[in-house]
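Asker: Got a structure for you, written out below as structure tokens; questions coming shortly.
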Amino acid sequence: MAVASRVEAGWTPMVLTMRNAKAILITLLLLNSLALTGSIGMATQDDPPEGLAPEDIWSLDYVNHYYPWGGNEKVQFKEFHDYFTMRDRMMQLAEQNDNIMSFHEGLNGGINARGEETTADTYKGWYYSHPSPWMKITGGGEELEGVYGGECNDFVGDCGNYANIPDIQLVGNHHAREWMSYEVPMYFLETIAHYYGTAGIDNDGDGLIDEDTWGDSDGDGQLDDDGDCLSLDPSFQDSNGDGELCGPGDLGVDEDFPEQQITDLVNTREIYLIPMLNVDGNRYDREVFCPEPAWESCPSGGWRKNLRNNGPEPLPDLTQGVDEDCDGVDLNRNYQFEWGWPLGATIPLIPGTCTPAEDERAGISNNDVYTGPFDTSDNDGDGLINEDNVDGEDDDNDGKVDEDWAGGNSEPETRFIQDLTEMNDDDGDGASDYKATLTWHSYSELVLYPWGHCTGCETPDHAELIYHGNKMAEMTTYENMQSSDLYPTTGDYCDWHYGVHDSYCYTIEIGTAFHQRPEEIDHIAVRNLGIPFYMLKISDNPRERAQIGIQEIDKSQWMISSENLTIPSDGWIPITMCISPNFPFTNDQNHTHVMWRTVKPTRQQSDFGPKEWIEADWMMTGFEETQTNCTLKDNTTGTTIVANLPVPDDFSGKLHYKSMLGTRSGTFPFSYPTPAGTYEEISIAYRAPFGNTFMAFLLFFIVVTAVWGGLGVALKIMMDSGKEEPQLGKKEAQN
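Position 402 (the sequence shown) corresponds to 1819 in this note's numbering; numbering is contiguous.
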């Protein structure tokens, strides 16, 4: 009927024969191919760019360089700080983070390491009378006693001094006009203040954590470890405009570092951060000599020195104004090591004979490298003066070394560095505690290491200094070179620290101008952020770390990963490491151990990560050496060490673990997995037995009896109930 009715409506049924079916199939295939061709053609015409746009990957805050600590344009690194705003911000951060930060200015003074009496006024600038502001930063070691625990140093004015914690000194703005040289340390300070005590932060908003730390951490030759910058359309890959695609400072490069590493470094280091050493000179440059917009009026010039009065009178006359043709000392030529000798054409000028500057605002000056006045004192009381300058040698053959210097450390700012260095001896061994030091300058995009005072010469640590310099150059794509290869200098900060105090010292030449444009501040600061954290890492023993790194010993070692870890059916869980026979590891379990913790996520906590578990306590289990060999990553033979974690058999949940190794000379930690601050995670099922065999059988018998016996009783009741119902119904019917 349906067919008939549809026929009546004008529909003619089709009878499908084999021939018709083949024809239809061919027709459909042809139409489909035409449709595909058309769709391909349309896609070709309407294709978007080959790669992604920044907004497709990251949060708008990250894309727009809006930093999570908030604040005004200066705090957001869109405008330059001046001395006053920088000082106020330092004080504010110290107040907000008083467990790990304390603010200081200059030193209290007293009798210094050279037997000289000083006061707080000794360290104030000649002209504006400001001492250099600085921050002491430390978590205070294992007990986390912070900046108010440990020992107090009355001369320096700080507490939080620990004999077993390495110290590091970081100094910005030796030269007044180099404004980026204090912005980078301020960015470093803001980063510590914001991220200390956190973990697992998604810094770029891409849904991942800790996936792209500083440098080429995975060794593939790309700084962009997670490949997100490389996934952008090429038109977006040079966000800082330096001509390098997906280089340091570009969006998506080294943008998601492990916050736990920052916390660990702060807890195990004493950090002395001096963002602006030359306050006098910087104020003069900003307020008088080259005020904003200095990036337009004198991008390659500016005031360089401090404001010492170099007039003919024997002492500076503080009532006089600044003589721009003559006044000031180059602070980075005023340190005592190889001070003033004609190795770098920086012979001290005679006060009162300064020659007029040609055009200092354009960077042309005759007096910018004045090293300061001669020292006319008989420092050793032998009736002679200047007979044994500071050069590490006994120049006068009297059995003493460097006891009667010719000059240097004459300025309030360099005296401050001298006494902060020489009066910082937490372990009482008579030597400075700064095994690593860093100073920021601008400009040239360079990493410089000693020596600076001589050409064609090398330090005894030449290879080791190159190694660390290469690591920092890798982070920034700056060039690493010996300082004197740029040009020779005498009396500079790094030669003094290395030559006198055996400190591995580096100068970082930031950026492309003395006065960068404000829109360049943020990405230059980001580009240089990894360097101070690297210096913190190596500050315990930079020499040994370089020697281990040169041989790639640490890279060849491995800890068992969660993918390869087998959880035993009961008992302790063994975490093994394969270590090199050339790695001088210590058996001290305080320095060679596994850190571990167990957590029991609820259903709502199933996606928790480092950020959410930050409050969960870590436990420590030491490694023990075995007689078992293993294969290192370089295919050589290593030794297996094992830490047996006492995880209870009745625990079920997740195990987090990471290992830390220390050396016999105290270098600590070498962390696994890398980068430091990350950890392995594995799920553990309930492993405890349910009693012995007899009790298990008895329990089984009871359960079976209860279940099946109960079922039988229930069935019997049902059957009995079924038989009675008809009888009841019959009786009811009879009624």
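Glycine included, every Cβ here is placed at the ideal spot set by N, Cα and C.
Since the structure is predicted, the reported quantities are computational estimates derived from the model, not experimental observations.
From the DSSP secondary-structure annotation, give me the bridge partner or partners of Ser-2100.
Answerer: Residue 2100 sits at position 683 when you count from the first residue of the sequence shown. According to DSSP, which records beta bridges pairwise, Ser-2100 is partnered with Lys-2071.
Asker: Buried or exposed: which applies to Asn-1489, given that a residue is buried once 16 or more other Cβ atoms fall within 10 Å of its Cβ?
Answerer: Position 72 of the sequence shown holds residue 1489. It counts as exposed.
Asker: Check the C-beta distance from Ile-2101 over to Ser-2076 and give it rounded, since I have them as a contact under 8 Å.
Answerer: On the sequence shown, residue 2101 is found 684 positions in, with the first residue counted as 1. On the sequence shown, residue 2076 is found 659 positions in, with the first residue counted as 1. Actually they do not touch by this definition, with Cβ atoms about 18 Å apart.
Asker: What first and last residue would you give for the alpha helix (DSSP H) that runs through Ser-1973?
Answerer: Along the sequence shown, one-based indexing puts residue 1973 at 556. Start and end: 1970–1973.
Asker: Quick one: what's got a C-beta closer than 6 Å to Pro-2027's C-beta in the same chain, skipping five residues either side?
Answerer: Residue 2027 sits at position 610 when you count from the first residue of the sequence shown. Excluding sequence neighbours, Pro-2027 sits near Ala-1616 and Gly-1617.
Asker: In chain order, what residues of the same chain have a beta carbon less than 6 Å from the beta carbon of Arg-1934, not counting five sequence neighbours either side?
Answerer: Looking up residue 1934 in the sequence shown gives position 517. So the list reads Trp-1712, once near-sequence residues are dropped.
Asker: State buried or exposed for Leu-1510, treating a residue as buried only when at least 16 other CB atoms are found within 10 Å of its CB.
Answerer: Counting from one through the sequence shown, the residue named residue 1510 turns up at place 93. Label assigned to Leu-1510: buried.
Asker: Could you name the residues of the same chain whose beta carbon sits closer than 7 Å to that of Lys-1954, not counting the 5 residues immediately before and after it, in chain order?
Answerer: Taking the first residue of the sequence shown as position 1, residue 1954 is located at position 537. Leu-1682, listed in sequence order.
Asker: Please report the Cβ distance between Thr-1856 and Thr-1793, rounded to the nearest whole angstrom; I am assuming they are in contact, meaning their Cβ atoms lie under 8 Å.
Answerer: Residue 1856 sits at position 439 when you count from the first residue of the sequence shown. Residue 1793 sits at position 376 when you count from the first residue of the sequence shown. In fact, because the Cβ distance is near 29 Å, the residues do not count as touching under 8 Å.
Asker: Quickly, what does DSSP pair Trp-2013 with across the bridge? List them, please.
Answerer: Along the sequence shown, read from residue 1 onward, the residue named residue 2013 stands at position 596. Beta-bridge pairing links Trp-2013 to Met-2036 and Tyr-2074.
Asker: Short of 8 Å in beta carbon distance, which residues of its chain neighbour Ile-1883, apart from the five on each side in sequence? Order them along the chain.
Answerer: If you number the sequence shown from 1, residue 1883 lands on position 466. Taken in chain order, the residues that qualify are Tyr-1866 and Asn-1897.
Asker: State buried or exposed for Gly-1845, treating a residue as buried only when at least 16 other CB atoms are found within 10 Å of its CB.
Answerer: Residue mapping note: residue 1845 aligns to position 428 of the sequence shown, counting from 1. Exposed.
Asker: For Ser-1901, which residues of its own chain have a beta-carbon under 8 Å away from its beta-carbon, when the five flanking residues on both sides are left out?
Answerer: Position 484 of the sequence shown, counted from the first residue, corresponds to residue 1901. Here the set comprises Gly-1761, Trp-1868, Gly-1869, His-1870, Cys-1871, Thr-1872 and Cys-1874.
Asker: Please classify Phe-1501 as buried or exposed, where buried requires at least 16 other C-beta atoms within 10 Å of its C-beta.
Answerer: The residue given as residue 1501 occupies position 84 in the sequence shown. Per the 10 Å Cβ criterion, exposed.
Asker: Pick helix, strand or coil for Pro-1550, following the three-state DSSP scheme.
Answerer: Start at 1 with the first residue of the sequence shown, and residue 1550 comes out as number 133. DSSP places Pro-1550 in strand when its eight states are reduced to three.
Asker: Identify every residue that forms a DSSP beta bridge with Trp-1857.
Answerer: The residue given as residue 1857 occupies position 440 in the sequence shown. BP columns for Trp-1857 point to Gly-1589 and Ile-1925.
Asker: Do Met-1597 and Ile-1927 have their CB atoms nearer than 7 Å?
Answerer: As a working note, residue 1597 is residue 180 in the sequence shown. As a working note, residue 1927 is residue 510 in the sequence shown. Contact flag set, yes.
Asker: State the Cα-Cα distance for the pair Thr-1555 and Val-1573, rounded to the nearest angstrom.
Answerer: As a working note, residue 1555 is residue 138 in the sequence shown. As a working note, residue 1573 is residue 156 in the sequence shown. Approximately 16 Å, taken between the alpha carbons.
Asker: Here's the rule: buried if 16 or more other CB atoms are within 10 angstroms of the residue's CB, otherwise exposed. What is Gly-1916?
Answerer: On the sequence shown, residue 1916 is found 499 positions in, with the first residue counted as 1. It is buried - the Cβ of Gly-1916 has at least 16 other Cβ atoms within 10 Å.
Asker: Tell me the residue span of the alpha helix (DSSP H) that contains Phe-2087.
Answerer: For the purposes of this step, residue 2087 is identified with residue 670 of the sequence shown, where counting begins at 1. No alpha helix (DSSP H) contains Phe-2087, which is instead part of the beta strand (DSSP E) from 2087–2089.
Asker: Any contact between the segment 1478–1496 and the segment 1521–1530? By contact I mean 3 or more CB pairs, one from each, below 8 Å.
Answerer: Verdict: no, contact absent.
Asker: Please go through the same chain and pick out, in chain order, the residues whose beta-carbon is closer than 8 Å to the beta-carbon of Leu-1724, but skip the five residues on each side of it.
Answerer: Here residue 1724 refers to the residue found at position 307 of the sequence shown. Within the same chain, Leu-1724 has close Cβ partners Gly-1542, Trp-1543, Tyr-1544, Tyr-1545, Asp-1697, Gly-1698, Tyr-1701, Val-1739, Asp-1744 and Gly-1745.
Asker: Using the beta-carbon count (16 or more within 10 Å), is Leu-2160 buried or exposed?
Answerer: Because the chain spans 1418 through 2152 in this model, residue 2160 falls outside it and cannot be assessed.
Asker: Which residues does DSSP pair with Leu-1865 in a beta bridge?
Answerer: Within the sequence shown, residue 1865 is the residue found at index 448, counting from 1. DSSP, once it has assigned bridges, lists Met-1898 and Thr-1924 as partnering Leu-1865.
Asker: May I ask you to report which of helix, strand or coil DSSP gives Val-1885?
Answerer: Here residue 1885 refers to the residue found at position 468 of the sequence shown. Residue 1885 is actually His in this sequence, not Val. DSSP places His-1885 in helix when its eight states are reduced to three.
Asker: Just checking, does the segment 2051–2058 make contact with the segment 1959–1978 on the three C-beta pairs under 8 Å criterion?
Answerer: Yes, the segment 2051–2058 touches the segment 1959–1978.
Asker: Answer with buried or exposed for Thr-1454, where buried requires no fewer than 16 other C-beta atoms within 10 angstroms of its C-beta.
Answerer: Indexing the sequence shown from 1 puts residue 1454 at position 37. Any reading at Thr-1454 needs caution, since the residue's pLDDT is 41, under 50, leaving its predicted position unreliable; the model's value is listed next. Exposed: under 16 other Cβ atoms inside 10 Å.
Asker: Distance, Cα to Cα, Ala-1848 vs Thr-1838?
Answerer: Here residue 1848 refers to the residue found at position 431 when the sequence shown is read from its first residue. Here residue 1838 refers to the residue found at position 421 when the sequence shown is read from its first residue. One C-alpha to the other measures close to 9 Å.
Asker: Taking the runs of the beta strand (DSSP E) that are 3 residues or longer, which of them lie wholly in the segment 1473–1538?
Answerer: Counting only runs of 3 or more, we get 1518–1522.
Asker: Tell me, which residues are paired with Asp-1575 by DSSP?
Answerer: By one-based count along the sequence shown, residue 1575 stands at place 158. According to DSSP, Asp-1575 bridges with Asn-1570.
Asker: Closer than 6 Å by C-beta to Asn-1578: which residues in its own chain qualify, once you throw out the five before and the five after it? Chain order, please.
Answerer: Counting from one through the sequence shown, the residue named residue 1578 turns up at place 161. Only Gly-1567, Glu-1568, Asn-1570 and Asp-1843 meet the Cβ criterion.
Asker: Is the distance from the Cβ of Ile-1585 to the Cβ of Ser-1956 below 7 Å?
Answerer: As a first step, residue 1585 is located in the sequence shown; it is residue number 168 there, counting from the start. As a first step, residue 1956 is located in the sequence shown; it is residue number 539 there, counting from the start. The answer is yes: Cβ separation under 7 Å.
Asker: Which of the three DSSP states is assigned to Asp-1957 in this structure?
Answerer: Stepping through the sequence shown from its first residue, residue 1957 is reached at position 540. If DSSP states are grouped into helix, strand and coil, Asp-1957 belongs with coil.
Asker: According to DSSP, what are the bridge partners of Tyr-1851?
Answerer: For this step, residue 1851 is matched to residue 434 along the sequence shown. Answer by DSSP bridge pairing, in chain order: Asp-1584.
Asker: I think Trp-1756 touches Gly-1824, with their Cβ atoms under 8 Å apart; what is that distance to the nearest whole Å?
Answerer: What you label residue 1756 is simply residue 339 of the sequence shown in a count that begins at 1. What you label residue 1824 is simply residue 407 of the sequence shown in a count that begins at 1. Confirmed, about 5 Å.
Asker: For Lys-1612, tell me which candidate among Pro-2106, Lys-2071, Asn-1657 and Pro-1485 has the shortest Cα-Cα distance.
Answerer: Residue numbering aside, residue 1612 sits at position 195 when the sequence shown is read from its first letter. Sequence inspection shows Tyr at residue 1612; the Lys mentioned does not correspond to that position. Per the Cα distances, Pro-1485.
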